[in-house]
Amino acid sequence: MQSATRAHPLFQGLRYMKKHKHTPKSPLTVGLAIALIQSGAWANATSLDIDKDGPIAPPATSSNTSEPPRIPTNSMTTLDQVKVVGSSVQTNPIDEERYASGVVDILKVGDVSVSSQTNVADLAKRLPGISVSFDQGRNQTATGESQYITIRGFDTSYNAYTLDGVRLPQTQSSRAIPVNLLSPFAVAEIVADKTPGADKDSDAIAGVIDFRTPSGFDHGPMTRIRATNQISGTAKRRDQDAFGGAVGIDNSRLFGADRQFGLYTAAYYERRDSVAESTAIHSNWYSTYNNGLNARQNENSLSPRGLLYNFFRSEIQRYGVSTSLDYRGNNFAAFGRFNYASYSNNNTMDQLTIRSEAGNYNNSIDGQYKAYQANPSQYFRTEDVRQKLLSSTIGGEWKTDNVNLSLTGGYAKGRFDQPERITGSFRNTRETTGPDALDLDTSNERKPVLTTSSGNALQDIPDPEELYVARDYSRLSETKKTLKAHLDWNGSSALSHIGAGLLYEDSERNGENTDNVATEQKRYTFTPGMGYEGVASAPGTYLKGFFSQLPRDLKLLNRAAMTSRAYQYIPTLAVGEDGVTNGREKRAAAYVNTRISLSGDYGDVDITPGLRYEHNHFRASFWISDGDNSSFDTADSEFSRLNPSVLAAWRPNAKTVVRAAVRSSYSRPAFDQLAGTTSITRDGTDNEITAINQANPDLRPVEAWSYDLGLEYYSSNNRFFQIALYHKDLQNIIVPTTSYSGYEGTASVNDIAISKPENGLTGKATGLEASGRFALNLGEGWLSGFGIGANATWQTTIARYLVTVNSTTELRRTEIPEAPKLIYNAEIFYEHEKWRGNLWYNYIGRRLTTVQTDRPDVYIQPSKELNLGLTYSLANNTELGFSVRNLLNGHSYWTTLGKSKRYLSVDRSGGYLETGRVFQLSLTTKF
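Position 75 of the sequence shown, counted from 1, bears residue number 75 in the UniProt record's numbering, the numbering being contiguous throughout.
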């Protein structure tokens with residue numbers, strides 16, 4: 001007879017997943033089978049407690065969520081963030097927002113029935129003022145998934161990212177955290193604290209984003225299975241792999257004589273395929289008229305040098321486990337958290353380029369710029385990504401009548417690898433002639449095409465032959481250790497609270513890449529006639545259809561064959577000392593805060609002044625490329641900041657809250673902004689340098705003062721309204737600048753984009769943010785289920801900085817990079833008897849992404865997405881869902897040269913990209 005543990009559905013499901021190492025054909029079917037087999041008389045279950053929070057903001061009804069970083073007492077009491085009933089925590093996101101000291105927004109996740117978004121970055125867009133971004137350099141826009149999130153669109157370095165209250169390791173060139181590896185199968189809530197006080201990290205100008213994992217006390221005894229099946233509409237139309245799905249199993253138990261122990265475990269696996277299509281300008285835009293002015297000065301009259309078309313194939317896997325163990329006694333509580341998450345993307349890009357050969361353009365013909373001698377070429381590249389996160393946290397809290405002492409220790413390790421980057425190029429040396437050989441029709445600014453005459457001229461050019469294959473790789477890891485201590489005294493007088501705390505954080509980073517490996521060691525160039533005679537003779541299949549008119553057929557080269565070919569001709573690839581970076585960063589902090597609580601006929605007032613001191617030390621070694629003088633160098637910086645803050649909340653009655661906050665904060669420059677090997681990008685069809693990224697060890701931290709004022713109103717029947725006004729004054733802002741020039745004596749006649757972060761002068765941001773959710777109560781019966789929700793953030797931003805153009809220093813004034821003027825969400829939701837549904841629209845406005853010296857700046861055009869979700873309860877404990885992501889088939893990414901939509905950007909900036917619709921069926925069952 002098997003034990004109760006071995007017979008438990010969670011362990012049976014895990015054994016099934018382990019036994020069947022291949023991807024299940026239908027995760028939804030697998031999940032349903034496990035549920036039916038293991039649950040026994042499932043149809044007789046008495047209730048189904050499936051998370052049913054709407055995407056814009058959760059309704060003000062009692063629901064189980066994860067605990068906050070502090071562990072509450074074991075008695076019936078009302079705290080700042082949590083209501084505790086016996087040994088079970090009954091939290092309500094709206095109540096937590098309502099009784100918090102500052103401005104906090106909370107989103108429950110995990111409801112896969114009504115949402116086809118399966119990473120927390122896409123889900124976070126539902127919160128007020130949250131915008132998303134991508135790593136364009138690694139083709140992550142082509143996945144159709146968001147990668148990074150930030151509060152109010154500010155740079156990711158302006159945010160602090162935590163998992164259960166402990167900082168996450170940073171494995172990127174910036175301080176951005178790629179949260180696409182986190183899954184709603186393992187995260188319970190996303191919390192955005194926009195006015196953190198002295199007890200939170202000060203290096204958070206925008207705020208703190210915390211991802212909370214569940215505990216056993218959140219759900220009580222239960223086992224839940226969630227499964228999804230997905231299909232990519234565009235992939236299906238192009239006859240590519242289009243299907244995917246996910247299955248997650250989680251379980252919670254309470255045990256002990258007084259049920260003082262809580263255990264939660266979860267495991268999940270997801271795999272899906274998708275495709276993307278894009279167009280972009282090759283090389284750059286140039287002044288149409290030969291008037292001696294640069295492209296920035298001739299912004300209204302520019303001409304391109306070439307055009308390219310991209311087709312991307314992505315194979316995404318996401319899996320992980322999450323475990324928590326809690327003990328809650330009368331005077332002592334303890335917890336442990338363990339999380340492991342893995343994300344991988346095998347991304348393959350096939351590119352058709354119509355390019356003007358270097359130098360083949362003429363400004364004298366009719367006095368206008370003309371590109372000629374057009375040549376078709378094909379380019380192949382893999383941009384595989386492997387991300388891993390291991391996080392463990394333990395802590396305890398000792399309580400007396402008035403004093404609480406809590407200690408927390410955390411260990412986290414993150415890794416971001418590109419295990420192999422395979423490239424291959426096919427290029428034709430035969431060239432057309434004549435000034436009109438490369439003319440573009442840009443009447444469709446998103447999808448420019450060749451004119452009829454240019455397209456006809458290309459048909460006579462033979463198939464491009466193989467030029468080279470190449471290999472590259474990179475890896476970066478960070479290990480972070482954290483210790484925190486808090487001591488709190490709580491009283492019943494006007495001085496109701498005194499708190500103090502300490503923090504120590506130690507981070508070690510190690511990385512290597514092949515950027516500086518000699519080209520001949522990582523690239524094999526074929527002599528004429530020795531490689532494939534043409535694209536047609538290379539293994540692969542031709543693309544069936546494209547969202548724009550292709551001037552020639554685009555072949556999707558066989559990935560395995562191209563990889564094998566690269567290893568055949570480049571069997572070994574080793575990184576020398578010039579490709580290694582090492583660094584260490586330490587942060588120590590101490591804070592003190594108090595709370596003054598006043599009550600009277602005017603209501604209740606809480607004022608929380610605080611002071612936080614943070615000391616930072618950074619040291620790194622890296623390689624400097626300087627010809628014969630190349631060598632290792634060391635960057636060493638140390639600085640301290642003293643940041644005061646005052647948070648105030650006035651509650652004139654039970655339904656109204658007025659908030660105000662004044663606080664000082666800062667932002668640390670990213671590791672690779674301060675130190676790192678020079679990154680060089682070369683053209684896909686020849687060896688010419690096109691872009692260089694350099695670090696700047698002289699960067700200073702950004703400093704800020706923030707001012708917030710808000711009004712909130714909470715009613716019954718799931719209705720609330722929140723509005724906030726904010727202003728930020730910034731010093732030493734960091735601006736990503738790009739200039740165009742030669743580099744180290746290269747003979748390239750193409751412009752080289754040299755990117756380097758610089759400190760600007762000052763910046764300002766002023767904004768208005770509002771959110772609300774209302775159950776409409778239109779009538780009896782089915783009409784009673786309708787409601788609406790919305791949130792919007794409107795802001796104006798100003799950045800001032802100095803740039804050098806042709807040895808002349810100019811004062812520039814632009815928007816703050818990455819900060820959109822408008823972000824909003826709107827939703828219609830429905831919930832009645834067995835039916836639930838929502839129609840959710842997300843909009844993120846235009847934003848500046850790159851400042852350029854002698855060309856117009858690069859902007860990301862607005863993104864718009866409409867999503868639909870609908871569920872039906874099959875039985876008391878089982879729910880079937882259907883959802884569609886990107887219902888209107890809008891673009892995923894669109895960058896332009898300049899604010900207008902007139903000039904499509906070059907490929908390295910993004911261009912115009914679509915990923916299409918995603919359809920999902922889901923099943924959730926709980927017993």
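Glycine residues also receive a C-beta, built at the ideal position from the N, C-alpha and C atoms.
Continuous alpha helix (DSSP H) stretch holding Asp95: start and end:
Taken as a continuous stretch (DSSP letters only), the alpha helix (DSSP H) holding Asp95 covers Pro93 to Tyr99.
Limits of the unbroken alpha helix (DSSP H) element including Thr563
Arg559 to Tyr569 is the extent of the alpha helix (DSSP H) around Thr563.
Proximal residues to Leu127 (C-beta, below 6 Å), its chain only, five neighbours per side dropped
These residues qualify, in order along the chain: Asp105, Leu107 and Ala192.
Please classify Pro448 as buried or exposed, where buried requires at least 16 neighbouring CB atoms within 10 angstroms.
Under the 10 Å beta carbon count, Pro448 is surrounded by 16 or more other beta carbons and is classified as buried.
Nearest-angstrom beta carbon gap, Thr793 and Gly767 [assumed within contact, 8 Å]:
About 6 Å separates the beta carbon of Gly767 from that of Thr793, a gap short enough to meet the 8 Å contact definition.
Alpha-carbon to alpha-carbon, Ser664 and Ile733:
Ile733 and Ser664: Cα-Cα distance of roughly 15 Å.
Per DSSP, which residues does Ile149 bridge with? Please list them.
The beta-bridge partner set that DSSP reports for Ile149 consists of Val132.
Could you tell me whether the region 256 to 270 touches the region 315 to 334, using the rule of 3 or more Cβ pairs below 8 Å?
Because the criterion of three Cβ pairs below 8 Å is met, the region 256 to 270 and the region 315 to 334 touch.
If we ignore side chains and look at the alpha-carbon of each, how far apart do Gly710 and Arg659 end up?
Roughly 5 Å separates the two Cα atoms.
Could you tell me which uninterrupted beta strand (DSSP E) segments, each at least 3 residues in length, are contained entirely in the region 239 to 308, listed from first to last along the chain?
Runs of the beta strand (DSSP E) inside the region 239 to 308: 243 to 255 and 261 to 287.
For Asn92, count neighbouring C-beta atoms within 10 Å of its own C-beta (all shown protein chains included) and say buried if the count is 16 or more, exposed if not.
Classification of Asn92: buried, given that the 10 Å Cβ count is 16 or more.
Have a look at His832, Tyr158 and Ser116 and flag the residue whose alpha-carbon is nearest the alpha-carbon of Ala246.
Residue Ser116 is the option with its Cα nearest to Ala246.
Length of the line joining the Cα atoms of Pro571 and Gln521
If you take the alpha carbons of Pro571 and Gln521, they lie about 10 Å apart.
Between the beta-carbon of Val109 and the beta-carbon of Thr871, is there less than 8 Å?
Judged by their CB atoms, Val109 and Thr871 are not nearer to each other than the 8 Å cut-off.
Distance, Arg446 Cα to Thr276 Cα
Note that residue 276 is Ala in the sequence shown here, rather than Thr. Between Ala276 and Arg446, the C-alpha separation is close to 15 Å.
Can you name the start and end residues of the beta strand (DSSP E) that Val191 belongs to?
Glu189 to Asp193 is the extent of the beta strand (DSSP E) around Val191.
Of the listed residues Asn294, Gly244 and Thr195, nearest to Asn806 (C-alpha basis)
Distances from the alpha-carbon of Asn806 to those of Asn294, Gly244 and Thr195 put Asn294 closest.
Residues near residue 928 by beta carbon distance below 6 Å, same chain, minus five either side
Residue coverage of the chain in this structure runs from 1 to 927, which leaves residue 928 outside it and unanswerable.
Taking 8 Å as the cut-off, does the region 632 to 646 touch the region 156 to 176 (at least 3 CB pairs, one atom from each stretch)?
Contact between the region 156 to 176 and the region 632 to 646 is absent: fewer than 3 CB-CB pairs across the two stretches fall below 8 Å.
To the nearest angstrom, report how far apart Phe774 and Val469 are at their CA atoms.
Computed Cα separation, rounded: 59 Å.
Helix, strand or coil, according to DSSP, for Gln140 in the structure here?
It is helical.
Contact check, Leu888 vs Ser278, beta carbons under 8 Å:
No, the Cβ-Cβ distance between Leu888 and Ser278 is not below 8 Å.
Give the straight-line distance between the Cα atoms of Ala620 and Arg584, rounded to the nearest whole angstrom.
In a straight line, the C-alpha of Ala620 is about 6 Å away from that of Arg584.
By the three-class DSSP mapping on this structure, what secondary structure does Arg237 have?
DSSP places Arg237 in helix when its eight states are reduced to three.
From Ser274, Asp203 and Ser493, pick the residue whose C-alpha is nearest to that of Gly233; which is it?
Here the closest residue by C-alpha is Ser274.
Residues in its own chain within less than 6 Å of Asp417 by CB, not counting five upstream and five downstream?
For Asp417, same chain residues with a beta-carbon under 6 Å away, outside a window of 5 residues either side, are Arg386 and Arg475 in chain order.
Nearest residue (CA-CA) to Gly772, options Arg719, Lys764, Gln795 and Ser564:
That would be Arg719, whose Cα lies nearest to the Cα of Gly772.
Can the beta-carbon of Pro862 be found less than 8 Å from the beta-carbon of Arg846?
Going by beta carbons, Pro862 and Arg846 fall inside the 8 Å limit.
Is His219 helix, strand or coil when you go by DSSP?
Three-state DSSP puts His219 in a helix.
Alpha-carbon to alpha-carbon, Pro757 and Thr348
Cα to Cα, Thr348 sits roughly 30 Å from Pro757.
Taking the C-alpha atoms as reference points, what is the distance between Thr797 and Tyr666?
Whole-angstrom Cα-Cα distance: 17 Å.
If we count the other Cβ atoms within 10 Å of its Cβ and call it buried at 16 or more, is Leu778 buried or exposed?
Counting other Cβ atoms within 10 Å of its Cβ, Leu778 stays below 16 and is therefore classed as exposed.
Are Leu642 and Tyr613 touching if we call contact CB-CB under 8 Å?
Yes. Within cutoff.
Whole-angstrom Cβ separation of Tyr726 and Asp708, contact assumed at under 8 Å?
That pair is a contact at about 5 Å.
Could you check which residue in Asp488, Gly869 and Arg237 has the C-alpha nearest to that of Thr594?
Nearest of Asp488, Gly869 and Arg237 to Thr594, Cα basis: Asp488.
Looking at the structure shown, is Thr527 part of a helix, part of a strand, or coil, going by DSSP?
Note: Thr527 maps to coil in three-state DSSP.
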